[in-house]
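Reviewing the structure listed below.
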Amino acid sequence: MSTELRHNPADTRFEIYLDGSLAGYADYAESESPKVRNFHHTITFPEFRGRGVAAQVVKYALDESRAAGCSVTATCWYVDEYIGKHPEYADLVHR
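Its first residue numbered 465, the sequence shown is counted upward by one per residue in the working numbering.
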């Protein structure tokens, strides 16, 4: 099974594709000053659940946010929980 992760800025979301099919995404709203991405939804489509799709797309979204110089907030419970379980992302949280 092939996995592809993409940033889709036009739809303000990070997407994950399994074998060419959209399996899920993490969407956000971005502010410019300061540069903050608020992640408000993480979606995994039912037929792809139980495969770690959400964790993969959230990790990618956080890594890409770091690379872009963004801090993050998480109104999405899943992103908030992911950051709590992965302290290497704690420095990204906007205070």
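Beta carbons: idealized from backbone N, C-alpha and C, even for Gly.
| Asked | Found |
| --- | --- |
| Inspect the beta-carbon positions of PHE509 and GLY488 and report whether they are closer than 7 Å. | yes |
| Under DSSP, the beta strand (DSSP E) around GLU494 begins and ends at which residues? | 485-495 |
| At what residues does the alpha helix (DSSP H) containing ARG530 begin and finish? | 517-531 |
| Report the option in ASN502, LYS523 and VAL517 whose CA atom is closest to the CA atom of CYS534. | ASN502 |
| When DSSP labels each residue in this structure, what does PHE509 get in the three-state scheme? | coil |
| Quick check: what's the CA-CA separation for GLU545 versus ILE507? | 15 Å |
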